[in-house]
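Novice: So that we are looking at the same thing, I have put the structure below in structure tokens.
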Amino acid sequence: MRHLFSILTAVFAVFVFLISCGGNEPGSIYGVVTDKATGEPIKNAGVELLPVGLKTVTGSDGSFEFMDISSGHYNLLVTKTGYSDTKSSTITVESGKQSKGDVQLEKEPAALRIVDDSKNDISELDFGARLDDVSRAFGIFNDSPDSIEWDITTTAKWIESVSKDSGRLEAGETQGIIVVIDRSLLREGENLTQLHVTSNNGNKQLAIKAINSDVVTLDTTKIKAASATLNGELIRNDDEYTETGFVYGGMATPSFDNNAKTVSNSAVRLGSFGNAISGLKESANCYYRAYAKNDSKTVYGETKSFATLKSVKTLDATNISTNSAKLNGELVYNDAGYTETGFVYGGMSIPSLDNGAKKVSNSPVQVGSFSNTVSGLNDYTKYYYRAYAKNDAKTVYGATNSFATLKLNLKESVTLPGGLVVAKQDATTGVNWSSAVSLCNNYTLEGLTDWRLPSKNELITMYNNKNLIGGFKDGDYWSSTSNGSNCAWTVNIHKWRCPQLQ
Numbered sequence: 002m003r004h005l006f007s008i009l010t011a012v013f014a015v016f017v018f019l020i021s022c023g024g025n026e027p028g029s030i031y032g033v034v035t036d037k038a039t040g041e042p043i044k045n046a047g048v049e050l051l052p053v054g055l056k057t058v059t060g061s062d063g064s065f066e067f068m069d070i071s072s073g074h075y076n077l078l079v080t081k082t083g084y085s086d087t088k089s090s091t092i093t094v095e096s097g098k099q100s101k102g103d104v105q106l107e108k109e110p111a112a113l114r115i116v117d118d119s120k121n122d123i124s125e126l127d128f129g130a131r132l133d134d135v136s137r138a139f140g141i142f143n144d145s146p147d148s149i150e151w152d153i154t155t156t157a158k159w160i161e162s163v164s165k166d167s168g169r170l171e172a173g174e175t176q177g178i179i180v181v182i183d184r185s186l187l188r189e190g191e192n193l194t195q196l197h198v199t200s201n202n203g204n205k206q207l208a209i210k211a212i213n214s215d216v217v218t219l220d221t222t223k224i225k226a227a228s229a230t231l232n233g234e235l236i237r238n239d240d241e242y243t244e245t246g247f248v249y250g251g252m253a254t255p256s257f258d259n260n261a262k263t264v265s266n267s268a269v270r271l272g273s274f275g276n277a278i279s280g281l282k283e284s285a286n287c288y289y290r291a292y293a294k295n296d297s298k299t300v301y302g303e304t305k306s307f308a309t310l311k312s313v314k315t316l317d318a319t320n321i322s323t324n325s326a327k328l329n330g331e332l333v334y335n336d337a338g339y340t341e342t343g344f345v346y347g348g349m350s351i352p353s354l355d356n357g358a359k360k361v362s363n364s365p366v367q368v369g370s371f372s373n374t375v376s377g378l379n380d381y382t383k384y385y386y387r388a389y390a391k392n393d394a395k396t397v398y399g400a401t402n403s404f405a406t407l408k409l410n411l412k413e414s415v416t417l418p419g420g421l422v423v424a425k426q427d428a429t430t431g432v433n434w435s436s437a438v439s440l441c442n443n444y445t446l447e448g449l450t451d452w453r454l455p456s457k458n459e460l461i462t463m464y465n466n467k468n469l470i471g472g473f474k475d476g477d478y479w480s481s482t483s484n485g486s487n488c489a490w491t492v493n494i495h496k497w498r499c500p501q502l503q
């Protein structure tokens with residue numbers, strides 16, 4: 002049984018035409034076809050109107066139009082060479098009106114791909130800093146049903162050789178390429194160039210990187226909210242370095258010359274080294290470089306970065322009632338020495354300790370989940386909340402979550418004998434029949450969306466159970482049952498009547 006909704010009409014508003022005054026006039030569809038990535042209009046794209054099969058092409062501005070279209074529901078099928086065929090969502094044409102039907106096309110991927118041995122796409126060959134690392138390989142893959150012709154160009158003098166610089170690939174074939182570099186031609190520090198691979202069906206660039214340095218920056222380990230371990234390697238020490246370490250901070254290229262923070266080691270030896278750093282800002286990017294220095298010079302490895310983690314998480318609220326809820330959070334890390342955890346909550350969208358939000362707290366602090374129950378809330382109200390952790394120096398927050406308390410009168414519908422479900426309240430007053438039908442069909446109540454106007458017999462059942470339902474007002478209630486071509490039945494709470502529609 003679908004759910005029924007009662008619609009009260011004012012006494013003076015009981016007449017309505019079933020058909021609009023304009024009749025069933027033709028409508029039209031207008032739209033513009035654009036490139037999804039660039040937003041640029043696409044000309045000469047084919048546009049077909051489904052299911053009627055009318056066809057047209059887009060103009061120089063990407064526009065198209067279908068005139069004199071009967072009322073109803075349509076789709077557009079848009080095609081263009083080099084783009085994926087695209088079917089639009091449903092477009093509704095109403096009598097005498099113009100409907101908009103813009104469509105975005107997405108380019109098909111180019112046939113040319115740069116891949117590794119497993120045919121995974123790659124964009125970089127990194128030779129690092131090791132003296133013996135001078136040869137790397139990649140593949141050119143033709144991912145299309147047609148053959149392609151390709152060429153490779155590069156301008157860097159330190160690219161000693163490329164095993165093959167041009168050729169032809171049949172469908173599905175791969176050409177292996179070996180790149181050899183001359184490290185004696187590298188400038189000090191990081192060297193970067195591009196291999197340009199061009200073809201008659203797509204172009205790609207492959208970054209080639211190499212480091213000319215005695216020290217290498219390695220990946221960070223043991224990353225937490227306020228701390229991490231930086232790693233590096235001294236690969237040669239011909240210049241007798243007396244110190245190794247790291248420069249780090251928020252700048253993109255940290256160094257001794259731009260106020261970067263430093264951490265160092267005075268005992269220098271070949272091989273890997275690491276330093277733990279703390280006092281970091283949580284959920285933030287940190288850039289760092291390994292270095293080696295003596296009294297006359299400092300050399301750096303490449304710049305790398307990492308992101309610190311969040312120390313506290315806001316979890317979903319539980320045990321929600323009309324006036325209380327249980328707030329939940331988690332302290333993931335405590336490398337900053339937090340001494341208090343808890344929650345801030347209230348009606349503001351981003352509650353904090355600084356904007357008048359209420360708070361509940363816990364002390365002592367331990368890593369893991371924590372909860373607090375808050376009470377004295379208003380029923381049927383939305384609240385925002387955030388978990389927090391703090392010490393004497395700072396306060397950090399988790400994400401903002403929200404919940405809504407329950408309504409004291411939870412039930413907004415009643416189930417009649419026989420299973421008929423009826424809303425307790427009227428949607429509105431003073432509406433005509435067609436508006437009443439539309440209101441019911443588009444209504445949501447208690448999570449249900451299949452409400453409709455009751456039939457005449459169902460409305461009579463509702464009338465007979467009016468004391469159980471409650472909430473009825475004096476006046477006429479529309480039914481969905483017609484009486485002739487321009488009449489519909491109504492029921493008056495005190496008397497029966499069958500008004501004409503107007």
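Read in order, the letters of the sequence shown correspond to residues 2 to 503 in this note's numbering.
All C-beta atoms, glycine included, are put in the ideal place defined by N, C-alpha and C.
In three-state DSSP terms, what is Glu459?
Specialist: Counted from its first residue, the sequence shown places residue 459 at position 458. Glu459 falls in the helix class under three-state DSSP.
Novice: DSSP state of Cys22, grouped into three classes?
Specialist: Locating residue 22 in the sequence shown gives position 21, counting from the first residue. Legend: pLDDT at Cys22 = 29, less than 50; position of this residue unreliable, no value from coordinates given.
Novice: In the DSSP output, which residue or residues are listed as bridge partners for Ala211?
Specialist: On the sequence shown, position 210 is the one that residue 211 refers to. Its beta-bridge partners are Asn192.
Novice: Counting only runs of 3+ residues fully inside the segment 132-212, write out the beta strand (DSSP E) ranges in chain order.
Specialist: Qualifying beta strand (DSSP E) stretches, in chain order: 136-143, 149-154, 160-163, 167-170, 175-182, 190-200.
Novice: Compare the C-alpha of Ala285 against each of Lys298, Ser297, Lys262, Thr309 and name the closest.
Specialist: Residue numbering aside, residue 285 sits at position 284 when the sequence shown is read from its first letter. Measuring from the Cα of Ala285, the nearest candidate turns out to be Thr309.
Novice: Compare the C-alpha of Val198 against each of Ser480, Trp151, Asn276 and name the closest.
Specialist: On the sequence shown, position 197 is the one that residue 198 refers to. Ranking the options by Cα distance to Val198, first place goes to Trp151.
Novice: Please determine, among Thr482, Val422, Ile70, Asn433, the residue with the shortest C-alpha to C-alpha distance to Glu26.
Specialist: By 1-based counting over the sequence shown, the position of residue 26 is 25. That would be Ile70, whose Cα lies nearest to the Cα of Glu26.
Novice: Within the continuous beta strand (DSSP E) that includes Asn493, where are the two ends?
Specialist: The residue labelled residue 493 in the question sits at position 492 within the sequence shown. From DSSP, the beta strand (DSSP E) with Asn493 extends over 489-493.
Novice: From Ala172, Ile224, Leu126, Asn373, pick the residue whose C-alpha is nearest to that of Val180; which is it?
Specialist: Working through the sequence shown from its first residue, we reach residue 180 at position 179. Ranking Ala172, Ile224, Leu126, Asn373 by Cα distance to Val180 puts Leu126 first.
Novice: Excluding the 5 residues preceding and the 5 following Asn320 in the sequence, name in chain order all residues of the same chain whose CB lies nearer than 6 Å to its CB.
Specialist: As a position in the sequence shown, residue 320 is number 319, starting the count at 1. Within the same chain, Asn320 has close Cβ partners Lys327.
Novice: For the alpha helix (DSSP H) that Leu440 lies in, which residues bound it at each end?
Specialist: As a working note, residue 440 is residue 439 in the sequence shown. That run of the alpha helix (DSSP H) goes 434-442.
Novice: Alpha carbons only, please: which of Asn238, Ser185, Ser200, Ala405 is nearest the one belonging to Ile212?
Specialist: Here residue 212 corresponds to residue number 211 of the sequence shown, with the count starting at 1. The candidate whose alpha carbon is nearest that of Ile212 is Ser185.
Novice: Look at the Cβ atom of Gly369, then the Cβ atom of Val313, and state whether they are nearer than 7 Å.
Specialist: For the purposes of this step, residue 369 is taken as residue 368 along the sequence shown, with counting starting at 1. For the purposes of this step, residue 313 is taken as residue 312 along the sequence shown, with counting starting at 1. Contact flag unset, no.
Novice: With distances taken Cα to Cα, identify the nearest neighbour of Gly73 among Asp86, Thr82, Leu51.
Specialist: Here the question's residue 73 lines up with position 72 in the sequence shown. If we check each option's Cα against that of Gly73, Leu51 comes out closest.
Novice: From Tyr301 to Thr243, what does the alpha carbon distance come to, in whole angstroms?
Specialist: For the purposes of this step, residue 301 is taken as the residue at position 300 of the sequence shown. For the purposes of this step, residue 243 is taken as the residue at position 242 of the sequence shown. So the two alpha carbons sit approximately 14 Å from each other.
Novice: Measure the beta-carbon distance from Thr323 to Asn402 and round it to whole angstroms, keeping in mind my assumption that it falls under 8 Å.
Specialist: The residue given as residue 323 occupies position 322 in the sequence shown. The residue given as residue 402 occupies position 401 in the sequence shown. Contact doesn't hold; Cβ gap of about 19 Å is too wide.
Novice: What is the DSSP secondary structure of Ile236, reduced to helix, strand or coil?
Specialist: Sequence index remark: in the sequence shown, residue 236 carries index 235 (1-based). Ile236: coil per DSSP, three-state reduction.
Novice: Just list the residues that DSSP pairs Asn356 with in beta bridges.
Specialist: Position 355 of the sequence shown, counted from the start, is the residue given in the question as residue 356. In the DSSP output, where bridge partners are listed per residue, Asn356 has none listed.
Novice: Evaluate contact between the segment 253-260 and the segment 224-233, counting only Cβ atoms and requiring at least three cross-stretch pairs below 8 Å.
Specialist: Output reads no: the segment 224-233 does not touch the segment 253-260.
Novice: Using a Cβ-Cβ cutoff of less than 6 Å, which residues in the same chain neighbour Lys536 once the five nearest sequence positions on both sides are dropped?
Specialist: Beyond the ends of the chain as shown, which are 2 and 503, falls residue 536; an answer cannot be given.
Novice: So, is the C-beta of Ser370 closer than 7 Å to a C-beta in chain D?
Specialist: The displayed structure is made up of one protein chain only, and chain D is not part of it.
Novice: So Thr263 packs on Thr304, CB below 8 Å; how close in whole Å?
Specialist: Along the sequence shown, read from residue 1 onward, the residue named residue 263 stands at position 262. Along the sequence shown, read from residue 1 onward, the residue named residue 304 stands at position 303. So it is not a contact: roughly 15 Å between Cβ atoms.
Novice: For Ala1 versus Leu332, is the C-beta spacing smaller than 7 Å?
Specialist: Because the chain here runs from 2 to 503, residue 1 falls outside it and cannot be looked at.
Novice: For Thr340, I'd like the list of residues in its chain whose CB is within less than 8 Å of its CB, leaving aside the five on either flank, ordered along the chain.
Specialist: Numbered from its first residue, the sequence shown carries residue 340 at position 339. Cβ neighbours of Thr340 beyond the five flanking positions: Ser364, Pro365, Val366, Lys391, Asn392, Asp393.
Novice: Tell me where the beta strand (DSSP E) around Ile70 begins and ends.
Specialist: Taking the first residue of the sequence shown as position 1, residue 70 is located at position 69. Taken as a continuous stretch (DSSP letters only), the beta strand (DSSP E) holding Ile70 covers 64-70.
Novice: According to DSSP, simplified to helix, strand and coil, what is Ser407?
Specialist: The residue given as residue 407 occupies position 406 in the sequence shown. What sits at residue 407 in the sequence shown is Leu, not Ser. In the structure shown, Leu407 sits in coil (DSSP, three-state: anything other than H, G, I, E or B).
Novice: Skipping 5 residues on each side, what residues in its chain have a beta carbon closer than 7 Å to that of Gly23?
Specialist: Indexing the sequence shown from 1 puts residue 23 at position 22. Note that Gly23 scores a pLDDT of 34, beneath 50, so its modelled location is shaky; the value from the coordinates is reported in the next line. Closer than 7 Å at Cβ, skipping near neighbours: Ser96, Gly97.
Novice: Do you know whose CA, among Gln176, Glu171, Ala157, Ala172, lies nearest Ser164's CA?
Specialist: For the purposes of this step, residue 164 is taken as residue 163 along the sequence shown, with counting starting at 1. The shortest C-alpha separation from Ser164 is found at Gln176.
Novice: Using alpha carbons as the reference points, say which of Gly343, Pro352, Asp380 lies closest to Thr374.
Specialist: Taking the sequence shown and counting its residues from 1, the one referred to as residue 374 is at position 373. Of the candidates Gly343, Pro352, Asp380, the one whose C-alpha sits nearest the C-alpha of Thr374 is Gly343.
Novice: Please state the DSSP three-state secondary structure of Asn484.
Specialist: For the purposes of this step, residue 484 is taken as residue 483 along the sequence shown, with counting starting at 1. Three-state result, Asn484: coil.
Novice: For Ser480, count neighbouring C-beta atoms within 10 Å of its own C-beta (all shown protein chains included) and say buried if the count is 16 or more, exposed if not.
Specialist: The sequence position of residue 480 within the sequence shown is 479, counting from 1. With 16 or more other Cβ atoms within 10 Å, it is buried.
Novice: Going by beta-carbon coordinates alone, are Gly472 and Lys425 separated by less than 7 Å?
Specialist: Numbered from its first residue, the sequence shown carries residue 472 at position 471. Numbered from its first residue, the sequence shown carries residue 425 at position 424. Taking 7 Å as the Cβ cut-off, Gly472 and Lys425 qualify as a contacting pair.
Novice: From Asn484 to Ser456, what distance separates their C-alpha atoms?
Specialist: Within the sequence shown, numbered from 1, the residue matching residue 484 stands at position 483. Within the sequence shown, numbered from 1, the residue matching residue 456 stands at position 455. Taking the straight line from one Cα to the other gives about 12 Å.
Novice: Return the residue from the list Ser145, Thr155, Glu161 that minimises the CA-CA distance to Lys171.
Specialist: Here residue 171 refers to the residue found at position 170 of the sequence shown. First, the amino acid is wrong: residue 171 is Glu here, not Lys. Residue Ser145 is the option with its Cα nearest to Glu171.
Novice: Are the Cβ atoms of Ser273 and Glu234 separated by less than 7 Å?
Specialist: Counting from 1 along the sequence shown, the entry for residue 273 is found at position 272. Counting from 1 along the sequence shown, the entry for residue 234 is found at position 233. Their beta carbons are under 7 Å apart, which means Ser273 touches Glu234 by this criterion.
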